[in-house]
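Okay, structure first, notes after.
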Amino acid sequence: MFMKNFSKIILLAPTLALFSCQSEATSQIQDSISSTAKNVSVTIENAQNFAQSGVENIQNTYETTKNSIQSGTEMINAGIESVRTNANQVENMINNGTQSIKNIQNTLP
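In short: position in the sequence shown from 1, add 14, done, that's this note's numbering.
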């Protein structure tokens with residue numbers, strides 16, 4: 015009886031060893047898949063952060079450019095207004111000078 019059971023154990027030993035190897039291989043594959051998934055997740059997160067940073071840089075550049083254009087436009091408009099004011103003052107001075115000359119001419123005999 016003992017020999018009969020012993021021979022069954024001997025016959026089962028390779029199957030148990032194969033099952034143990036298969037279990038270890040499955041565990042290693044699962045670990046590898048888990049590690050790869052974590053790496054992919056980190057890569058995706060890094061890509062998202064990079065993209066978000068790029069969007070923020072574009073937005074900041076747009077705002078800076080828009081503000082510079084607006085400031086430049088305001089300076090140009092102020093310069094145009096200053097030229098208009100100066101032109102009006104020159105015109106007034108010419109008119110005053112012309113009137114003064116006429117007044118002087120009217121007082122001459």
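Beta carbons: idealized from backbone N, C-alpha and C, even for Gly.
Cβ-Cβ distances below 8 Å link S55 to nothing in the same chain once the five nearest sequence neighbours on each side are left out. The alpha-carbon separation between Q73 and Q113 amounts to approximately 59 Å.
Rounded to whole angstroms, the gap between the alpha carbons of S67 and N53 is 21 Å.
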